[in-house]
C-alpha cells in the first residue's frame, strides 16, 4: 500500500476483525457495557448498509484471503463511500479496544468467547489501514488454534454479515468443533475455563 495510507490500527491483538458484528452486547461487571454500544460501534449503520461493501475492484461480497501456511488472513474491502469506509474501520477499532479492555462481546456465542480468549492472551495480531474508500485488514495468528478461530469468524463475517446482513447467528457449534480439534488440545482446558467463567445467556449484557 502507498505510504499515504492512514494506519488506523498498526498492530494490535484482535478477532473478524468485526468482533462485534453479531450484536448482543458484552458481559457486565468488570467487562463493562454501554447502553449505546450498538451506535458507538456503528453496528446499526453497517447492518443497514452491509451490501454497500464489496471485494476491492469487483462487486463481489467481501471475502478474506487466507494463507494457512503463514497463519494469515487478509481483507481488502471497498465501500461505496469514504464515510462507509470510515465507519467500518471505526467499528473494527471499537471492537479491538473492547477486547483489549477485557470485554467479551456476544458472550452467549462460544466462537466469540474463543476469539476474546485468543485476543486477551495475545495469540494473534491485526493491522487496519484505510485509504479513501478502501479498508485493508491483515491478521496473523501465532498458532493453528488461534488461526482456526479467526478463520471461522472471517467466514461468518463474509457469508452471513456482508452477504446477508445477519448479525445474531450463534456459531457455538463451530467453536465446539475447533475446541475439540487436535490443534487446540494444548489450550483446551484453559479455553474451556475462560468460556465457563464468561458465558452468559443470550440477551444478557
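Residue numbers (the working numbering): 77 to 281. Built from N, CA and C at the ideal position, the CB exists for glycine as well.
According to DSSP, is residue 243 part of a helix, a strand, or is it coil?
Here residue 243 sits in coil by DSSP.
Using the C-alpha atoms, what's the distance from residue 209 back to residue 185?
In a straight line, the C-alpha of residue 185 is about 31 Å away from that of residue 209.
Of all the alpha helix (DSSP H) runs that stay within the bounds of the stretch 163-226, which reach a length of 4 or more residues?
Listed in chain order, they are 186-196.
Taking only three categories from DSSP, how would you classify residue 228?
Three-state result, residue 228: helix.
Just to confirm before moving on: does the CB-CB distance between residue 191 and residue 226 stay below 8 Å?
Contact: yes.
Drop a sphere of 10 angstroms on the beta-carbon of residue 179, count the other beta-carbons inside from all chains shown, and report buried for 16 or more, exposed for fewer.
With 16 or more Cβ atoms within 10 Å of its Cβ, residue 179 is classed as buried.
If contact is defined by three or more beta carbon pairs under 8 Å, each pair taking one atom from either stretch, is the stretch 226-246 in contact with the stretch 160-173?
Result no; under three Cβ-Cβ pairs closer than 8 Å.
Specify the secondary structure class of residue 251 as computed by DSSP and reduced to three states.
It is helical.
Going straight from the alpha carbon of residue 155 to that of residue 139, what length do you get?
Roughly 14 Å separates the two Cα atoms.
Given a threshold of 16 other Cβ atoms within 10 Å of its Cβ, counted over all protein chains shown, does residue 236 qualify as buried or as exposed?
Label assigned to residue 236: buried.
What does the alpha-carbon distance come out to for the pair residue 131 and residue 176?
When rounded, the distance between both Cα atoms is 28 Å.
Give me the residue from 174, 196 and 147 with the minimum Cα distance to residue 266.
Minimum Cα distance to residue 266 is reached at 196.
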